[in-house]
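In this note's numbering, the protein residues as written are 148 to 420. Step one of this worksheet: look at the structure below.
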Ligand code: HEM
C-alpha cells in the first residue's frame, strides 16, 4: 500500500483478504449438529427400550455404567458422557447464536424478507431458530438431571421422575422441539453439503423433504409412545415412588413370591435410606 492510499484510509490488500473463519465456524456448526443428531437417534432407541421390557431398559442403563466390563456399575461414567454431550450442545448453541437476529431492526428486516419471499425453506429456518431457542432451556433441565443423578436411570427411577417428579410436560415440549429441530437440521445439512440430491436438484429437494417429514414423524411417534409408557408406569408406581428397580425383585413379584420387608426390600433401597 502506498502512502497516498494510507492517507485516504484505504485498507491494505492483506486486510481485504477474506477471512476463512466464517467458513470454518459454519463447518463446525454443521459437524456439531450432525454429531448431536446421531447421538439423539441412538438415544431415542435406548430410551424406548422400555417398550420391549423394564428389564431391557434396566440392562441398557447398567451397560452404560460399564456393568459389562467392570466389577460393578459406575454411574459417574454416564456423567462423563453427559459432560461431553453438554459441551457439544453448548458449542453448537454458541455457533448458532451468530445467526440469531441481534436487534429489533434485524428481526424486522428478516420478517419482512420472509413475508416477501414466501419461500418454504426460509420459513423452516425460522422454525429452527425458535425450536433451537426453546432447546436452550428444555435440554438444559434434562441434561442437568442426567449429569447430577446418573444412578437414577432405570425403569422405576425414570418413570417416577417423569410422573411423580412432574417432568413429563418438560419431556413433551423437549420431544417436539428436538425432533422438529433435528429433522429440519438434517434436511438443511443435506441441502448445504449436497448429500442425496442426485442429478435433478428439484427432484432431490422433493426427496429430502419427504425424508425430513418421515424422520420427524417416526421419532415423534416413537417418543410419544415411549413417554406414554413411562407415564403409565409412573402412575402405577406412584404409591411406591422412590423405590429402586431391582431385576430379581420384579421377577419374584411377577411370580407372586414377594415378602414385604425381606431381602428384596432392603436391596431396593439406596444406601443410607
Ligand atoms: C448423555 C446425555 C443424555 C442422557 C444420559 C439421556 C438420558 C435420558 C433418559 C434416561 C431418558 C428417560 C427419562 C428419564 O430417565 O428421565 C431420556 C429421555 C429423553 N431425552 Fe435424554 N438423555 C441425554 C441427552 C439428551 C439430549 C441432548 C436431548 C435433546 C436435546 C434429550 C432428549 C430427551 C427426550 C425428548 C426424552 C423423552 C423421550 C420420550 O419421549 O420418552 N436427551 N433421556
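Glycine included, each C-beta is placed from N, C-alpha and C at the ideal position. If you're wondering where the values come from, they're calculated on a predicted model, not measured in any experiment.
- With respect to the C-alpha of residue 234, the residue from 292, 351, 287 and 371 having the closest C-alpha is 287.
- The region 198-273 contains, as complete alpha helix (DSSP H) runs of 4+ residues, the segments 201-210, 223-244 and 251-264 (chain order).
- Residue 258 and residue 291 have their C-alpha atoms spaced approximately 34 Å apart.
- C-alpha of residue 357 to C-alpha of residue 203: approximately 33 Å in a straight line.
- Pairing residue 242 with residue 172 gives a Cβ-Cβ distance under 8 Å.
- Burial check for residue 279: the Cβ neighbour count within 10 Å reaches 16 or more, so the residue is buried.
- For residue 377, the uninterrupted alpha helix (DSSP H) run begins and ends at 348-383, by DSSP.
- Counting other Cβ atoms within 10 Å of its Cβ, residue 200 stays below 16 and is therefore classed as exposed.
- At least 8 Å separates the beta-carbon of residue 282 from that of residue 249.
- Three or more Cβ pairs closer than 8 Å define a contact, and the region 296-310 falls short of that threshold against the region 359-372.
- Between the ligand HEM and the CB of residue 365, the shortest heavy atom gap is not smaller than 7 Å.
- By the neighbour-count criterion, in which a residue is buried when 16 or more other Cβ atoms sit within 10 angstroms of its Cβ, residue 179 is buried.
- In this structure, the straight-line span from the alpha carbon of residue 377 to that of residue 309 is close to 7 Å.
- Taken through DSSP and simplified to helix, strand or coil, residue 196 comes out as helix.
- For residue 325, the enclosing alpha helix (DSSP H) stretches over residues 315-340.
- Excluding sequence positions up to five before and after residue 275, its CB lies within less than 7 Å of the CB of 328, 331 and 332, all in the same chain and listed in chain order.
- For the pair residue 256 and residue 386, the Cα-to-Cα distance works out to about 55 Å.
- With respect to residue 212, residue 224 sits close: the two C-beta atoms are nearer than 8 Å.
- The set of residues with a C-beta under 5 Å from any non-hydrogen atom of the ligand HEM comprises 194, 228, 229, 232, 286, 293, 300, 305, 308, 318, 321, 322, 325, 370, 373 and 374, given in chain order.
- Here residue 384 is near residue 307, since their CB atoms are less than 8 Å apart.
- With respect to the 8 Å criterion, residue 271 and residue 321 are not classified as neighbours on the basis of their beta carbons.
- Of 393, 394 and 363, the smallest CA-CA separation from residue 188 is found for 363.
- Minimum Cα-Cα distance from residue 247 among the listed residues 236, 267, 237 and 273 corresponds to 273.
- At the C-beta level, residue 208 and residue 311 stay beyond 8 Å of one another.
- Around the beta carbon of residue 326, 16 or more other beta carbons sit within 10 angstroms, so the residue counts as buried.
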